[in-house]
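Chains as they are written, first to last, in full-length UniProt numbering: chain A, 1 to 156; chain B, 1 to 156.
Just so it is clear, CB atoms sit at the ideal spot from N, CA and C, and this is done for glycine as well.
Report on the structure given below.
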DNA sequence: CGTGTAAGGAATTCTGACACG
DNA sequence: CGTGTAAGGAATTCTGACACG
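In C-alpha cells:
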C-alpha cells in the first residue's frame with residue numbers, strides 16, 4: 001500500500017493548488033476589490049510573483065483564510081474582528097491537515113466491505129474504518145497479520 | 001463540536017474550488033493544449049459555461065484526474081492507457097473523500113495532547129486520534145462520557 | 001475604514017488551422 | 001494520434017484615483 005501513498009500523495013496535496021483573483025472571488029463570495037484590500041492590509045497574502053508575472057497567485061491556505069473571514073463577516077463581525085477569529089481557527093485547520101496526512105495507510109477489505117487502514121492501534125492490532133450503509137463510520141480492530149492480509153493491492 | 005463541523009465544512013469543501021486552464025496547467029504540469037485536447041476526447045470535463053462565459057472552469061475532481069493521467073503518462077503509459085488507469089483510481093479517491101467527510105467529529109484534548117475525535121467506536125466508547133512527537137498517529141478509546149468532557153469548545 | 005467604479009495597459013483564453021508524425 | 005505554434009478577438013487583472021462615509 002506504500003504504492004498508493006507514494007503515488008497519490010501528490011494528487012491530494014492541496015498545497016499544489018493555485019488560484020487567481022477571479023476564481024478565488026467566485027469560490028468565496030468576496031469581491032476582487034475586497035481581496036486586494038485585505039492583502040494590502042496584510043490579512044491575507046498572495047504568492048511572490050516571479051519575474052514579470054502580473055496576476056496574483058493565491059494558495060489553498062489563503063482560500064481557507066478568505067472563506068473564514070467571509071464567514072465571520074457574514075455573521076456580523078467587522079473586517080478586523082473577522083480576521084482575528086479566522087486566525088484563531090487557523091491552528092485547527094493545520095492540525096486537521098496533520099491528522100489526515102498521517103492517518104491514511106491505504107484501503108483494505110474487511111468483512112467484504114471497503115475499509116480504510118488507519119495504521120497501528122497498538123503493538124498487536126491495526127485500526128480499520130468501515131463505511132456502513134447508514135452513512136456513518138464503523139471502526140474495527142484486527143491483528144496486524146490479518147491487516148496486511150486484508151489490505152488489498154491496488155490495480156497496477 | 002457541531003459548531004466546528006457546521007462552520008468549517010464549507011471551508012474544507014474542495015468541491016467549491018474552481019480553476020481556469022492556466023492554473024490547472026501550472027498545477028499539474030500538463031499544457032493548456034493537452035488539457036483542451038483531453039477534454040475534446042472526453043477524458044476530462046470542464047464545468048458548463050453559463051451564458052456568455054468564455055473561459056473553461058475546472059473543478060477539483062478534474063484536478064485529481066489530470067494529476068493522475070499526467071502521473072501515468074510520465075510513467076510511460078500512452079494517453080489512452082493513462083486515462084484508463086486514472087479512471088480505476090477514481091473510485092479510491094471517492095472512497096477516501098467519504099471516509100474523511102464522515103470521520104471527523106472535531107478536536108479534543110487527551111492526556112494534555114491535541115486529539116481528533118473520530119466518533120463512536122462502539123456503544124460505550126469513542127475513538128480518539130492523537131499526534132505524538134515522533135510523527136505518527138496514536139489511537140485511544142475513551143468512554144463516551146469522558147469523550148464529551150474532553151472535547152474542548154472551540155474559540156467562539 | 002471598507003468597498004464600488006471607470007480607465008487604460010498588460011496578460012490570459014478562446015477557436016480553427018497548419019505542422020509533424 | 002497527440003501536441004506545438006502563430007493569429008486575432010474576447011475576457012481578466014493590474015494600479016492609482018475618485019467616491020461615499
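Item to check | residue 55 of chain B, enclosing alpha helix (DSSP H) - first and last residue | outcome: Indexing the second chain from 1 puts residue 55 of chain B at position 55. Residue 55 of chain B -> no alpha helix (DSSP H), and no H or E assigned at all.
Checklist entry - Using a Cβ-Cβ cut-off of 6 Å (strictly less than) and excluding sequence neighbours within five positions of residue 62 of chain A, which residues of its own chain qualify? => result Residue numbering aside, residue 62 of chain A sits at position 62 when the first chain is read from its first letter. Correct list, in chain order: 44.
Checklist entry - Starting from residue 44 of chain B and walking both ways along the alpha helix (DSSP H), at which residues does that stretch end? => result Your numbering for residue 44 of chain B matches position 44 in the second chain. First-last for residue 44 of chain B: undefined, no H or E at that position.
Checklist entry - What are the start and end residues of the beta strand (DSSP E) that includes residue 143 of chain B? => result Within the second chain, residue 143 of chain B is the residue found at index 143, counting from 1. Looking at the DSSP string, the run of the beta strand (DSSP E) that includes residue 143 of chain B is 138 to 143.
Item to check | Start-end ranges of the alpha helix (DSSP H) lying completely within the stretch 69 to 114 of chain A, minimum 4 residues | outcome: Entirely contained in the stretch 69 to 114 of chain A, the alpha helix (DSSP H) runs reaching 4 residues are, in chain order, 79 to 103.
Next on the checklist: Whole angstroms are fine: how far does the CA of residue 129 of chain A sit from the CA of residue 20 of chain B?
Outcome noted: Residue numbering aside, residue 20 of chain B sits at position 20 when the second chain is read from its first letter. Residue numbering aside, residue 129 of chain A sits at position 129 when the first chain is read from its first letter. When rounded, the separation of the alpha-carbon atoms in residue 20 of chain B and residue 129 of chain A is 36 Å.
Checklist entry - Are the C-beta atoms of residue 102 of chain A and some chain B residue less than 8 Å apart? => result Translated into positions along the first chain, residue 102 of chain A becomes position 102. Chain B, which has a Cβ nearer than 8 Å to the Cβ of residue 102 of chain A, makes this yes.
Item to check | Cutoff 6 Å; reference residue 22 of chain B; Cβ partners in own chain excluding five residues on either side | outcome: In the second chain, residue 22 of chain B corresponds to position 22, counting from 1. Closer than 6 Å at the Cβ level, and outside the excluded window around residue 22 of chain B, lies no residue.
Checklist entry - Are the beta-carbon atoms belonging to residue 127 of chain B and residue 136 of chain B less than 8 Å from one another? => result If you number the second chain from 1, residue 127 of chain B lands on position 127. If you number the second chain from 1, residue 136 of chain B lands on position 136. No.
Checklist entry - Which chain B residues are close to residue 23 of chain A, counting only those with a beta carbon under 9 Å from its beta carbon? => result In the first chain, counting from the first residue as 1, residue 23 of chain A sits at position 23. Listed along chain B are 17, 18, 19, 20, 23, 57, each with a C-beta nearer than 9 Å to that of residue 23 of chain A.
Next on the checklist: On the criterion of 16 or more Cβ atoms from any shown chain inside 10 Å, does residue 89 of chain B qualify as buried, or is it exposed?
Outcome noted: Residue numbering aside, residue 89 of chain B sits at position 89 when the second chain is read from its first letter. Counting of Cβ neighbours within 10 angstroms places residue 89 of chain B among the buried residues, the total reaching 16 or more.
Next on the checklist: Quick check on residue 129 of chain B: does DSSP put it in helix, strand or coil?
Outcome noted: Numbered from 1 along the second chain, position 129 holds the residue referred to as residue 129 of chain B. The three-state reading of DSSP puts residue 129 of chain B in strand, counting E and B together.
Checklist entry - Would you say residue 44 of chain B reaches chain A, if we count a Cβ-Cβ gap shorter than 8 Å as a contact? => result What you label residue 44 of chain B is simply residue 44 of the second chain in a count that begins at 1. Not one chain A Cβ lies under 8 Å of residue 44 of chain B.
Checklist entry - Would you say residue 129 of chain B faces chain A, with C-beta separation under 8 Å as the test? => result What you label residue 129 of chain B is simply residue 129 of the second chain in a count that begins at 1. Interface residue, yes.
Next on the checklist: Quick check: what's the CA-CA separation for residue 29 of chain B versus residue 55 of chain B?
Outcome noted: Locating residue 29 of chain B in the second chain gives position 29, where the first residue counts as 1. Locating residue 55 of chain B in the second chain gives position 55, where the first residue counts as 1. Between residue 29 of chain B and residue 55 of chain B, the alpha-carbon positions lie close to 19 Å from each other.
Next on the checklist: Please report the distance separating the alpha-carbon of residue 83 of chain B from that of residue 68 of chain B.
Outcome noted: Along the second chain, read from residue 1 onward, the residue named residue 83 of chain B stands at position 83. Along the second chain, read from residue 1 onward, the residue named residue 68 of chain B stands at position 68. Roughly 8 Å separates the two Cα atoms.
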